[in-house]
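Trainee: Counting in my numbering, the sequence shown tops out at residue 654, every number present.
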Amino acid sequence: MSFSVRQINLLIFIACTAMMLAAAYMEHVMKMVPCSLCITQRGFVVLTGLLALIAAIHNPANGGRRAYALAGVVSALLGACFAGRQLWLQSLPADQVPACGPGLAYMFEVFPFMDALKLLLQGDGNCAHVDKILGLSLAAWTLMAFIALAGVNLYQALRRVRTQWA
Numbered sequence: 489m490s491f492s493v494r495q496i497n498l499l500i501f502i503a504c505t506a507m508m509l510a511a512a513y514m515e516h517v518m519k520m521v522p523c524s525l526c527i528t529q530r531g532f533v534v535l536t537g538l539l540a541l542i543a544a545i546h547n548p549a550n551g552g553r554r555a556y557a558l559a560g561v562v563s564a565l566l567g568a569c570f571a572g573r574q575l576w577l578q579s580l581p582a583d584q585v586p587a588c589g590p591g592l593a594y595m596f597e598v599f600p601f602m603d604a605l606k607l608l609l610q611g612d613g614n615c616a617h618v619d620k621i622l623g624l625s626l627a628a629w630t631l632m633a634f635i636a637l638a639g640v641n642l643y644q645a646l647r648r649v650r651t652q653w654a
């Protein structure tokens, strides 16, 4: 069974939507407070999903298909970098974990925008906290999801698609 380019883009969008719904459930029902790196990763999940949705709606020819897919690869790999950074922070011995920073709202309210953004992207001691599901940290699950999203987008960019003329 072969999926069309549009169907795969919709599947990417659905996967990203499911990830965001799971994150919302964990935050609001399970009362897990997201750290700055978690929020950054959510941004890349949303970006990757939106790129796929736009590509599905637009349904461009080969050049556009590749451009959307490569943008999706970049978005997913950037998200994977932040998930990897969080895994690294989580692996540090307790005495090497950076100090916890202020809350996100406070950072953007008090600090200049670029300083707040830098702090958001670096992560802090809050990001070293490990929440596990099925034996793996959420950062590990997110890293695997980003790798899968990058792989599917790369497949979309490299696959040969026959065009059918009506």
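All residues carry an ideal CB built from backbone N, CA and C; glycine is no exception.
Report yes if the CB atom of A616 is closer than 7 angstroms to the CB atom of Q584, and no otherwise.
Mentor: No; because the gap between Cβ atoms is not below 7 angstroms, this pair is not in contact.
Trainee: For A564 and T528, which I take to be in contact (beta-carbon distance under 8 angstroms), what is that distance rounded to the nearest angstrom?
Mentor: Not really, about 13 angstroms apart at Cβ, beyond 8 angstroms.
Trainee: If A547 sits next to R494, beta carbons under 8 angstroms apart, how far is it from one beta carbon to the other, in whole angstroms?
Mentor: For the record, residue 547 in the displayed sequence is Asn; it is not Ala. Between R494 and N547 the Cβ distance is about 5 angstroms, and since that is below 8 angstroms, they are a contact.
Trainee: Have a look at E515 and I502 and give me their C-alpha separation to the nearest angstrom.
Mentor: Going from the Cα of E515 to the Cα of I502 covers about 20 angstroms.
Trainee: Measure the alpha-carbon distance for A628 versus V533 and round it to whole angstroms.
Mentor: So the alpha carbons of these two residues sit roughly 14 angstroms apart.
Trainee: Could you check the C-alpha separation between G611 and L580 for me, to the nearest Å?
Mentor: Looking at the two C-alpha atoms, the distance is approximately 13 angstroms.
Trainee: What ranges does the alpha helix (DSSP H) occupy inside the region 494-556, keeping only unbroken runs of at least 4 residues that lie completely in it?
Mentor: Listed in chain order, they are 524-546.
Trainee: When you compare only the Cα positions, how much space is there between A557 and A540?
Mentor: Between A557 and A540, the C-alpha separation is close to 8 angstroms.
Trainee: Among V521, V640 and M602, which has the Cα closest to the Cα of N497?
Mentor: The option with the nearest alpha carbon to N497 is V640.
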